[in-house]
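Below is one structure; the comments refer to it alone.
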Amino acid sequence: MKYNFNEIETKWQKYWAENKIFKAVNNSEKPKYYVLDMFPYPSGAGLHVGHPLGYIASDIYARYKRHKGFNVLHPQGYDSFGLPAEQYAIQTGQHPAITTAENIKTYRRQLDQIGFSFDWSREVRTSDPSYYKWTQWIFIQLFNSWYNNDSNKAEDISALEVIFSSEGNKNVNAVCDDDIESFSAEDWNAFSSEKQQQILLQYRLTYLAETEVNWCPALGTVLANDEIVNGVSERGGHPVIRKKMTQWSMRISAYAERLLQGLDTIDWTDSLKESQRNWIGKSVGASVTFNVNNHDAVIDVFTTRPDTIFGVSFMTLAPEHELVSQITTLEQKVEVEAYILATAKRSERDRMADVKTISGAFTGAYAEHPFTKEPIPVWIGDYVLAGYGTGAVMSVPCGDQRDYDFAKHFNIPIPNIFDGVDISEEAFADKANTKIGNSDFLNGMNYKKATKRVIYELEQIGQGEGKTNYRLRDAVFSRQRYWGEPFPVYYVNGMPQMIAAEHLPIKLPEVEKYLPTETGDPPLGNAAVWAWDTLKNEVVSNDLIDNENVFPLELNTMPGWAGSSQYFNRYMDPNNDAEIFSKEAIDYWQQVDLYIGGSEHATGHLLYSRFWQKFMFDKGLVPYDEFAKKLINQGMILGTSAFVYNVVPVVLDKEFLRPTNIFVSKSIYDKICLDSEVEENFVKEIVKQYFLETDFKGKVPPKITSVIFNDLHVDVSLVNSSDELDVKNFKNSRTEYKDSIFIGENCNVINGDNDKYIVKRDVEKMSKSKYNVVNPDNIVADYGADSLRLYEMFLGPLEQYKPWNTAGITGVHSFLKKLWKLYADDNGLKVTDAIPTKDNLKTLHKTIKKVQEDIENFSFNTSVSTFMIAVNELTAQKCTSKDILEPLLVLISPYAPHIAEELWNQLGNNESISTVPFPKFDASHLIESSKNYPISFNGKMRFTMELPLDMSKDDIEKAVLANEKTQEQLGGRIPKKVIVVPGKIVNIVG
RNA sequence: GCUCAAGUGGCGGAAUUGGUAGACGCGCUGGAUUCAAAAUCCAGUUCUUUCGAGAGUGUGGGUUCGAUUCCCACCUUGAGUACCA
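Take the first sequence: its letters are residues 9 to 998, numbered as in my numbering.
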């Protein structure tokens with residue numbers, strides 16, 4: 009019997025699928041356990057070996073939990089809407105629905121061959137109408153809700169209407185738009201229906217508003233803050249500009265505090281919690297109102313240092329601040345307008361890159377200090393951001409470095425309000441050591457006391473109050489793209505209306521042109537069929553038709569994170585067409601017990617999902633307001649890229665750099681970098697010849713002053729494990745390299761086997777463009793899925809970033825072969841009914857103990873080593889006992905399920921191994937009668953001594969001192985003291 | 001700049017209430033088998049060494065009989081974030 013992994017793996021994968029072994033039921037005597045993976049985007053490139061890392065880890069855990077007697081929910085699906093899928097479709101010129109379906113097929117095949125224990129009967133696809141029906145449904149629920157700060161939860165919008173009609177909005181404490189006018193019950197009832205709708209829109213949890221958004225012209229859509237990295241789009245790295253557009257937004261800011269507090273209740277990694285905390289960006293301080301001299305206007309500022317209010321020597325407004333045009337004096341008008349124009353021209357990126365340059369302009373206006381009544385000059389400056397706080401600051405140059413620099417630059421006075429602090433060089437921003445002086449009623453106080461007092465005083469004069477600010481902005485929810493969920497929205501006289509829930513889903517229409525437009529007109533506008541016939545014939549909604557007129561529909565689509573914010577709940581009851589999930593299903597599964605996925609979703613998906621979950625909790629739909637109890641971030645598997653050094657000659661007199669088709673090997677490159685003339689002259693000569701044959705036929709080529717090099721990625725499949733490039737195949741791989749010249753390690757032009765070419769290696773993210781992708785298909789074909797699974801775990805700790813190296817897989821592969829040999833050889837099965845020896849039992853039980861601890865701590869890498877040791881030991885012990893070898897298979901089965909299932913079957917078991925109870929650990933097999941104690945003198949280990957384990961501390965001490973080796977070491981001296989650590993060490997001092 | 005994480009052989013990495021550093025695997029060296037190769041098996045593999053031993057977990061200090069582990073300072077790398085008032 010041979011270990012034929014390909015045959016075994018196909019056989020068992022088929023068996024698992026046909027017998028629905030991993031199907032989870034929604035009611036069971038067993039305790040439940042929900043293991044979730046972040047579902048993949050089915051991109052066109054397919055899976056590389058990095059993708060399954062987290063899936064293998066969660067699969068091991070899911071299988072382990074089944075052995076432990078749990079009813080395990082381990083689903084999988086596809087996040088198939090959104091930018092990447094659409095970008096791929098645009099590149100290939102096919103409809104996204106077609107490419108997505110094809111990509112999903114590839115993904116499914118690749119996932120299946122790794123042997124995951126997914127319950128595929130629960131598969132969801134975010135682009136499937138039966139799924140996005142419920143994404144649309146949640147949108148409607150959000151639209152019909154407002155956030156009541158008094159009850160601290162989302163409530164029905166109809167309740168708000170009742171309040172408005174009975175008492176107006178003066179007692180309403182809601183999270184809403186900033187510019188709400190106050191009205192009485194009479195006012196409300198007198199308002200037109202449209203006016204009422206307009207007001208309600210300012211309170212809804214998803215609302216339509218004209219806001220400054222991040223517009224990406226190249227992608228033809230707006231982006232949320234988390235989709236922008238370093239001022240450019242996360243996808244594709246295109247520039248992003250600020251633009252005013254009417255867009256749907258999600259009032260996530262209502263949940264800022266609860267999103268922050270909730271972090272303390274969940275078992276997520278600290279680094280991830282930390283980045284969510286930073287993103288939410290809570291800061292506690294005060295809002296202060298400054299009157300403007302000779303104007304009705306007031307300037308509201310937010311400050312975290314109200315205690316420094318007597319240090320204010322000027323105020324700064326953001327250039328975009330709405331008051332600027334009102335308060336600027338005639339004399340300053342030209343200067344201010346010029347400055348505003350100049351800052352508007354600078355892109356967000358320039359502004360971020362250049363934080364050193366200080367710029368600003370004086371408006372000519374003065375504000376009044378709330379306590380001293382002194383006039384304070386009002387400036388504008390682009391270091392103040394319009395989007396944070398109120399877009400205005402009270403500038404305290406002695407206590408804030410930016411204010412200090414600004415004041416220095418424009419010669420504004422810097423009053424010192426700190427006792428015993430020198431501020432001649434820089435501002436003093438140390439809260440903890442603050443002692444206020446020069447500040448009227450605050451003199452002598454520390455930061456804490458002064459803050460409390462000043463807020464009290466501000467409240468007395470009605471010019472301020474304590475306030476908490478959050479950095480978290482409401483999330484823009486509209487995308488001007490085709491491949492996303494359509495909104496369940498139509499417009500009557502410009503006011504948005506929800507399509508009745510019974511008409512959902514609103515299906516994405518077929519369109520001819522689905523490409524985004526630079527102007528921002530949504531591609532759904534092209535859907536003539538959708539806007540007219542579909543509505544009449546398919547949606548059949550009377551709401552939408554009024555006197556034969558069809559009202560216009562919302563043409564934007566939802567962002568990529570919409571579908572991924574509810575999928576974990578939908579898995580509980582994915583085929584329910586009447587409800588998002590049944591009450592029984594959610595009551596049984598409750599929440600995700602273990603979620604494994606990448607940390608790159610920290611401020612996107614993982615924050616939005618928590619927001620939706622909290623909302624659904626408020627609505628009584630889910631029993632927990634956190635969707636995932638525990639979360640682990642798997643690290644990334646990196647690729648090992650290979651590079652060739654392309655020669656670029658420099659010709660100084662003509663300032664001429666020209667790429668050539670000449671490549672030098674690594675050591676030649678190194679030598680030339682160290683100014684070795686022999687190699688450099690050799691290369692120059694080759695370049696000269698190259699010029700004579702190509703660009704300068706018959707002419708005198710220019711003098712080459714030096715050569716520089718360009719690193720060029722080469723396909724890693726053309727490089728062997730000794731970093732040697734297959735020159736012949738490289739030349740054939742692309743036509744432009746057909747005639748290229750390679751200079752080998754020993755400085756020869758390579759022609760056949762006369763020399764070899766060594767590449768440069770570097771570790772990078774795996775990507776097609778870097779030619780460093782390793783396809784799991786090849787690994788599975790060559791070594792089998794079990795080897796792949798074991799090796800991915802063996803590479804290192806789950807959370808860590810680590811490079812892939814195919815060469816190392818032989819280690820785990822030969823382990824599997826050894827494992828097979830332990831059970832069977834050419835003559836068939838070797839397993840007998842022999843009674844296990846003491847050593848057999850010891851090996852088994854220490855393995856049970858270690859593996860169980862490892863899985864529960866997610867240290868999957870070390871348990872692979874444990875298996876190897878166990879198999880080596882049992883092989884050496886010539887163990888054939890069924891009592892040992894059967895439980896061993898159960899231990900290994902979460903990691904290498906196919907081989908375990910096959911051998912289990914060979915041993916005569918007809919049931920699948922997958923729910924066999926995990927072996928019980930029996931400590932009695934590990935207890936030894938004696939132990940080797942290390943004996944040390946003055947901390948230095950001298951020898952070891954065998955002592956019984958049940959000896960008392962005192963007896964150990966006596967026995968050690970009586971020992972002849974100890975006497976020899978002591979040489980007649982009397983020791984100062986003897987330290988005994990039971991089970992570990994004896995140290996003799998003195 | 002700020003926050004967080006990490007630094008151990010040629011490489012991936014083991015080792016936690018502080019107790020024999022380098023488990024396990026790759027690679028490498030030698031051997032067995034083979035006409036030969038692959039595969040397999042066995043032995044060795046931190047460095048230095050006068051073969052006695054000595055040094056050694058980023059660097060420098062500290063606590064301790066004893067530190068990869070705890071404390072302080074520094075260096076390096078990676079990740080996140082960035083004019084947040």
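Even for Gly, the Cβ is constructed at its ideal location relative to N, Cα and C.
Computed from a prediction, not measured in an experiment: that's the story for all the values here.
Simplified DSSP assignment, three categories, for TYR765: coil
Straight-line Cα distance separating GLU894 from LEU915: 8 angstroms
Residues near VAL548 by beta carbon distance below 6 angstroms, same chain, minus five either side: Annotation note: pLDDT 48 at VAL548 (below 50); position unreliable, coordinate value reported separately. Counting only Cβ-Cβ distances below 6 angstroms, and skipping sequence neighbours, we find nothing.
Spatial distance of MET258 from PRO496 (CA atoms): 15 angstroms
GLY568 and GLY90 closer than 8 angstroms at C-beta: yes
Beta-carbon proximity check, THR277 vs LEU806, cutoff 8 angstroms: no
Cβ separation of ALA509 and ILE165, assumed to be a contact under 8 angstroms, to the nearest whole Å: Going by Cβ atoms, the distance from ALA509 to ILE165 rounds to 15 angstroms, so no, they are not a contact pair.
Which residues DSSP lists as bridging ARG133, in chain order: TYR86
Three-state secondary structure assigned by DSSP to ASN299: strand
Complete alpha helix (DSSP H) runs within the region 723–781 (minimum length 4 residues, chain order): 735–741
Buried/exposed call for PHE13, threshold 16 Cβ in 10 Å: buried
Cβ-based neighbour list, VAL767, same chain, cut-off 7 angstroms, excluding 5 preceding and 5 following: ALA650, PHE651, VAL652, LYS674, VAL722, VAL727, ASP731 and LEU733
Beta bridge counterpart(s) of ILE900 as assigned by DSSP: Answer is none; ILE900 lacks a bridge partner.
Proximity test, TYR779 beta-carbon vs the ligand GTP heavy atom, cut-off 7 angstroms: Within the structure as shown, the ligand GTP is missing, as the structure has no ligands at all.
Top-ranked residue by Cα proximity to ASP304, from PHE310, ALA373 and GLN642: ALA373
Spatial distance of ARG117 from PRO530 (CA atoms): 35 angstroms
Residues that DSSP places opposite ILE444 in a beta bridge: PHE426
7 angstroms CB neighbourhood of TYR23 in its chain, flanking five on each side removed: none
Same chain, Cβ closer than 7 angstroms to SER714, five either side skipped, listed in chain order: VAL658
Identified DSSP bridge partners for ILE388: LEU325 and ALA369
Contacts around LEU213, its chain only, beta-carbon distance under 8 angstroms, and the 5 residues preceding and following it disregarded: LEU150, PHE151, SER153, TRP154, TYR155, ALA162, MET258, ARG259, ALA262 and PHE623
The region 883–892 in contact with the region 901–910 per 3-pair CB rule at 8 angstroms: no
Neighbourhood of PRO504 by C-beta distance below 6 angstroms, restricted to the same chain and skipping five residues each side: LEU216 and VAL497
Rounded straight-line distance, which links the Cα of PRO39 to that of LEU325: 59 angstroms
Three or more C-beta pairs below 8 angstroms linking the region 440–456 and the region 40–60: no
Pair within 8 angstroms by beta-carbon distance, SER748 and PHE671: yes
Beta-carbon gap between GLN84 and TRP145 smaller than 8 angstroms: no
C-alpha distance - ILE444 paired with ILE469, whole-angstrom precision: 21 angstroms
Contact set for PRO925: own chain, Cβ-Cβ below 7 angstroms, skip 5 residues either direction: HIS75 and GLY77
Beta-carbon proximity list for TYR391, same chain, < 6 angstroms, skipping 5 on both sides: ARG410
Rounded C-alpha distance that separates GLY123 from GLN21: 6 angstroms
GLN488 classed as buried or exposed, judged by whether at least 16 other C-beta atoms fall within 10 angstroms: buried
Simplified DSSP state of SER36, which is helix, strand or coil: coil
CB-CB length for TYR831 against VAL839, believed under 8 angstroms: 6 angstroms
Cβ-based burial, ALA483 [other Cβ within 10 Å; buried from 16]: buried
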